[in-house]
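Letter by letter, the sequence shown follows residues -17 to -1, 1 to 254 of mature numbering (1 follows the signal peptide of the UniProt record, and there is no 0). From the three backbone atoms N, C-alpha and C, an ideal C-beta is built for every residue, glycine too. If you're wondering where the values come from, they're calculated on a predicted model, not measured in any experiment.
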Amino acid sequence: MSCLLLFLLAALGLAAADVFEECDESNRNNFIASNKSCTHFIYCSGEDSFEGECPEENDYFNAHLAMCEPMEEVDCRTGLPLQTNEVQQITVTELPVVTVTVTQTVTTASTALDVSSETVTAAAPAATAPSSASSQQVVTLVASECPPTDNTHQIVLLAHDKSCTEYFICYHGKPLPMTCATMLHFNVHTAKCDKAEVVNCMRSTISVREQCKQHTVDIYPHPDNCNYFYYCRNGFLMLQQCPFFYGWDYEKRSCVAIAQAKCFGRQSLLI
């Protein structure tokens, strides 16, 4: 599988722009699904709009992530990721024990057997004490180092100083490595993984090769050339290029007009 923006190279051969009815102001400068097929996509940018296709045979366009994904992970009807069935949580309540006591008094008469009384009693249900676990709220926080001992009411996380997609969770005083889902970055302000354009994490001082690991799926700006960017897929680092007169914007994480792009090395392209 390849990142959608890998296929912008195909747009270099377009001599004239097309007009697509799927494009409007709401999706300007964005990739959207095409009505042609599940493998096609459209980059909406006014007169510079163009249509592309996923190069891998078994890939569909994922409209949510704006990239090509394996077909088994994308709903072709909607272009969105497939929804997995959530496990339904079943709460089992233990019923109180009921004790039944039967008392019989038998009186012997000369002509009949008389049952004088029969009493049935049930034990009253005991009052349920509130759970101490439910009364205590668990708080997630981001710290600079792991505390020496665990707190049952706290989850302590650490940011990774060399990666935007990785972080640590503290357990028994030691940091355990964790990784955000595809294309998400760790947000130190919310202690959650969030969209990269929201987190705005930059590790430009760390080499791209060092950031691209076997479990990483992410996009990085080129440190010297505004027209290029890198796509990392599970440790494989691929150099990508935006269309002519476009640059890779590291905040929007997409190719935009070179004059508006926030990128590195733009001056060399404008000379």
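Asked, Found
"Beta-carbon spacing of Ser20, Glu34 below 8 Å", "no"
"Cβ neighbour criterion (16 or more within 10 Å) applied to His168", "buried"
"Reduced DSSP secondary structure (H/G/I, E/B, other) of Val171", "coil"
"CA nearest to the CA of Pro130, picked from Lys157, Glu149, Thr148, His136", "Lys157"
"Start-end ranges of the beta strand (DSSP E) lying completely within the region 182 to 242, minimum 3 residues", "200 to 204, 211 to 216, 219 to 224, 229 to 232, 237 to 240"
"Helix, strand or coil at Asp31 according to DSSP, with G and I counted as helix", "helix"
"Between the CA atoms of Gln120 and Phe24 - distance to the nearest angstrom", "45 Å"
"Beta-bridge pairing of residue 256 - partner residues as DSSP gives them", "The requested residue 256 does not occur in the structure, where the chain is confined to residues -17 to 254."
"Where Glu56 sits in the DSSP three-state scheme", "helix"
"Local Cβ density within 10 Å of Met50, reported as buried at 16 or more and exposed below that", "buried"
"Bounding residues of the beta strand (DSSP E) (the contiguous stretch that carries Met161)", "157 to 162"
"Contact under 8 Å by Cβ, Glu180 with Lys145", "no"
"Range covered by the beta strand (DSSP E) that runs through Asn45", "42 to 45"
"Buried/exposed call for His143, threshold 16 Cβ in 10 Å", "buried"
"For Leu124, the residue or residues it bridges with in DSSP", "Val139"
"Close beta carbons around Gly248, own chain, < 6 Å, minus the five adjacent residues each side", "Asp207, Asn208, Cys209"
"Whole-angstrom distance between Val239 and Asn12, CA atom to CA atom", "7 Å"
"Pair within 8 Å by beta-carbon distance, Asn246 and Pro204", "According to the sequence as given, residue 246 is Cys; it is not Asn. Contact: yes."
"Three-state secondary structure (DSSP) of Glu149", "strand"
"Length of the line joining the Cα atoms of Ser190 and Asn183", "18 Å"
"Residues near Glu149 by beta carbon distance below 6 Å, same chain, minus five either side", "His143, Thr162"
"Status (buried if at least 16 other CB within 10 Å, exposed otherwise) for Gly230", "buried"
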